[in-house]
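Q: Quick one: the structure is below, questions incoming.
Residue numbers (the UniProt record's numbering): 1 to 224.
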């Protein structure tokens, strides 16, 4: 059974989410603030559903603290609709962002996609060596300058699709479908945000990328 940690200080929202998620087969853990979320995460939930407006810590700070401890996918569920808030949450390590009020079907789809992006491990594949970093497809790790680079689940999923394409361009529609799931074809800003994050983490000169390239009219591609 997939476990979800719901972090929200509104008892009514927590109750509604608990009922809905349990009805769809999830095991639900709850936390009402940042401190209790950090304590509950030791139970290793499969996915975290996090509100940004917590009483003791800002949600972005909670994301950053969680990322120091776990790689569990984090889906933000917040009333904050400003692009700055979304980018701050994604930069801190969130994997997806859902704005309140939300549709139940959409939320469930995003949770499924977040869990799916953990993906099964494929054994026996050699590391992919780029000039600036190394991609270990088996261990789902990236190393640069001898140190491991932390990637969010979504960042890894996007990088993996591009690397496995073997230098061929991957269309925007295909990337959105394979990384976020069906129904996300209009969310092209997701790609811009996550490609920018990957370039900042992996490229020697993010403003002049040499590995994660835009192919005008075709999509994006990875070049070692």
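For every residue, glycine included, the Cβ atom is placed at its ideal position computed from N, Cα and C.
Note that the coordinates shown come from a computational prediction; the quantities given were computed from them, not determined experimentally.
Look at the alpha carbon of residue 121 and the alpha carbon of residue 141, and state the distance between them as a whole number of angstroms.
A: For residue 121, the predicted structure reports a pLDDT of 45, less than 50, and the residue's modelled location is therefore unreliable. A value from the coordinates is still provided. If you take the alpha carbons of residue 121 and residue 141, they lie about 12 Å apart.
Q: Please name the residue in 198, 104, 189 whose C-alpha comes closest to that of residue 19.
A: Comparing Cα positions, the closest option is 104.
Q: In chain order, what are the residue ranges of uninterrupted beta strand (DSSP E) at least 3 long that sit wholly in the region 4 to 66?
A: Runs of the beta strand (DSSP E) inside the region 4 to 66: 27 to 31, 47 to 50.
Q: How big is the Cα-Cα spacing for residue 61 and residue 77?
A: Roughly 15 Å separates the two Cα atoms.
Q: On the CB-based measure, 16 or more other CB atoms within 10 Å of its CB, does residue 110 come out buried or exposed?
A: Residue 110 comes out buried.
Q: For residue 96, which of helix, strand or coil comes out of DSSP?
A: Three-state DSSP puts residue 96 in a strand.
Q: Closest by CA to residue 164, which one among 33, 212, 181?
A: Considering only alpha carbons, the answer is 212.
Q: Figure out for me which residue from 26, 158, 3, 38 has the closest Cα to the Cα of residue 179.
A: Out of 26, 158, 3, 38, 158 has the C-alpha closest to the C-alpha of residue 179.
Q: For chain B, find out if any of its Cβ atoms is closer than 8 Å to the Cβ of residue 76; answer yes or no.
A: Included in the structure is just one protein chain, with no chain B present.
Q: Which whole-angstrom value describes the C-beta separation of residue 73 and residue 153, a residue pair presumed to lie in contact below a C-beta threshold of 8 Å?
A: Going by Cβ atoms, the distance from residue 73 to residue 153 rounds to 4 Å, so yes, they are a contact pair.
Q: Please report the distance separating the alpha-carbon of residue 15 from that of residue 65.
A: When rounded, the distance between both Cα atoms is 25 Å.
Q: Any chance the CB of residue 67 is under 7 Å from a heavy atom of the ligand MG?
A: For the structure depicted, the ligand MG is absent and the ligand set is empty, with no information on it obtainable.
Q: According to DSSP, simplified to helix, strand and coil, what is residue 129?
A: Residue 129 falls in the strand class under three-state DSSP.
Q: Please classify residue 209 as buried or exposed, where buried requires at least 16 other C-beta atoms within 10 Å of its C-beta.
A: Burial call: buried.
Q: Please name the residue in 114, 137, 51 whose C-alpha comes closest to that of residue 100.
A: Closest by alpha carbon: 51.
Q: Measure how close the beta-carbons of residue 4 and residue 47 come, nearest whole angstrom, since I'm counting them as under 8 Å.
A: At roughly 5 Å, the Cβ-Cβ gap stays under 8 Å, so residue 4 and residue 47 are in contact.
Q: How is the beta strand (DSSP E) around residue 225 delimited, first residue to last?
A: The structure shown does not extend to residue 225, since the chain is modelled only from 1 through 224, so no value can be given for it.
Q: Beta strand (DSSP E) containing residue 134: first to last residue?
A: Taken as a continuous stretch (DSSP letters only), the beta strand (DSSP E) holding residue 134 covers 134 to 136.
Q: Between residue 70 and residue 28, how many whole angstroms is the CB-CB distance? I'm expecting something under 8 Å.
A: At roughly 18 Å, the Cβ-Cβ gap does not stay under 8 Å, so residue 70 and residue 28 are not in contact.
Q: Compare the C-alpha of residue 191 against each of 11, 90, 80, 6 and name the closest.
A: The candidate whose alpha carbon is nearest that of residue 191 is 90.
Q: Below 8 Å between beta carbons: does that hold for residue 169 and residue 219?
A: For residue 169 and residue 219, yes; Cβs fall inside 8 Å.
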